[in-house]
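This report refers to the structure that appears directly beneath it.
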Amino acid sequence: MRRDGGDDAGGVRSERRTFREEANDRIYETAVDHGSTKAEFICECADELCIAVAPIYLAAYRAIRDIGRPVLADGHKPAP
Ligand SMILES: [Zn+2]
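Following the working numbering from start to finish, the sequence shown increments by one per residue and tops out at 68.
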């Protein structure tokens, strides 16, 4: 497991991944570590400040990532 020492440790990674995608990957990994089948992921809708959660199965999360779709809470819309 990686530890984040501080705000300015290392350079900023400028992949296309967003903060919420990174967070969801961690949620996914944590859920896998705990042997869960389902977890609450952060909504990745068009509203960057959205903090809604979307409870989805880990298998479904993997499928969503495979096809490059965002994780969305009920009724939330993806960025155009
Ligand atoms: Zn949302």
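Every residue gets a Cβ at the ideal spot worked out from N, C-alpha and C, and that includes glycine.
At least 8 Å separates the beta-carbon of residue 20 from that of residue 29.
Look at residue 52 here: in three-state DSSP terms it is helix. In this structure, 32 is the residue among 52, 48, 25 and 32 with its C-alpha nearest to the C-alpha of residue 66. Burial check for residue 60: the Cβ neighbour count within 10 Å reaches 16 or more, so the residue is buried.
With respect to the 8 Å criterion, residue 45 and residue 18 are not classified as neighbours on the basis of their beta carbons.
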